[in-house]
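Numbering (the UniProt record's numbering), first residue to last: 1 to 298. The beta-carbon is built from N, C-alpha and C at its ideal position, and this holds for glycine as well. See structure below.
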């Protein structure tokens with residue numbers, strides 16, 4: 001739980017049996033503060049002060065740097081649910097910043113690395129980052145691994161107490177359905193106001209009590225992907241509410257389904273505060289109808 005005097009940003013929802021703020025923090029961009037460690041720690045502490053109690057990280061963010069920052073900044077009495085990710089490794093000097101690490105032995109090694117860099121005995125939630133859907137890397141060769149083989153080692157590590165719950169990322173609807181018997185706590189896929197191709201998967205998650213944690217919640221993270229802030233309807237609503245378009249995009253996600261948890265990332269405290277403030281926006285029925293009128297296959 002958060003400080004009793006600090007409201008949870010965006011309200012609260014369930015994640016792996018824990019009640020958390022619906023607006024969390026995605027720590028990937030802390031890598032930008034590699035040369036200003038004190039600023040990175042200050043940003044994480046500010047997130048906690050704002051009521052954020054759900055932080056998303058991974059060992060391959062900054063080749064362990066981000067996990068190290070989280071370890072230093074987050075204290076046990078902050079009651080923060082730390083979520084990490086496996087299925088990829090850092091790739092220093094390679095053509096891309098990360099490479100897939102999908103084999104069961106690589107998943108186990110990654111969990112061990114996350115435990116060490118975070119300095120904890122159990123990671124509350126670990127997302128298995130698949131390569132079923134984009135954007136991002138595609139699996140080739142020995143990185144094409146059946147999800148059942150991956151879940152076998154994930155379940156074993158859960159039984160061993162190394163991880164508390166299993167999530168999925170970059171996953172297809174078919175893979176999610178196959179994984180349901182394993183007990184899935186959350187799904188992280190690219191999803192936003194302008195990229196709503198996973199509505200059927202979102203509906204399944206709502207029905208099964210699985211948290212939906214969209215990455216790229218404002219779109220535009222890869223070349224060619226549309227940006228939520230460029231959408232004319234979002235811009236018009238933002239103008240009518242006298243709010244930034246980015247906040248309207250985040251608020252729409254919170255209103256769209258009750259199981260949505262947001263993890264917008266930033267390396268700037270003012271931007272962090274603006275993201276958290278999106279949780280206070282109320283979209284009335286007429287405004288939601290206007291926003292929801294957009295095509296769902298964009």
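With contacts defined as CB atoms closer than 8 Å, residue 211 and residue 170 fail to qualify as a contacting pair. With respect to the C-alpha of residue 168, the residue from 193, 148 and 126 having the closest C-alpha is 126. Under DSSP, no beta-bridge partner is assigned to residue 282. In the three-state reduction of the DSSP assignment, residue 269 falls in the helix class, which pools H, G and I.
Assignment of residue 57 by DSSP, reduced to helix, strand and coil, places it in the coil class. In the three-state scheme derived from DSSP, where H, G and I count as helix and E and B as strand, residue 195 is classed as strand. DSSP places residue 111 inside the alpha helix (DSSP H), whose first and last residues are 104 to 118. Look at residue 23 here: in three-state DSSP terms it is strand. With a cutoff of 8 Å on beta-carbon distance, residue 114 and residue 123 are scored as near each other.
Using a Cβ distance threshold of 8 Å, residue 41 and residue 73 count as a contacting pair.
Boundaries of the beta strand (DSSP E) around residue 185: 184 to 188.
Where residue 45 is concerned, the enclosing alpha helix (DSSP H) starts and stops at 37 to 49.
Looking at the DSSP output, residue 86 sits in a beta bridge with 128.
Restricting attention to alpha helix (DSSP H) runs no shorter than 4 residues, the region 205 to 272 encloses them at 232 to 241 and 245 to 256, ordered along the chain. Under DSSP, residue 13 shares a beta bridge with 20.
Around the C-beta of residue 10, 16 or more other C-beta atoms lie within 10 Å, and the residue is accordingly described as buried.
The beta carbons of residue 50 and residue 69 sit no closer together than 8 Å.
Cβ contact annotation for residue 222 (same chain, cutoff 6 Å, sequence separation greater than five): 135, in chain order.
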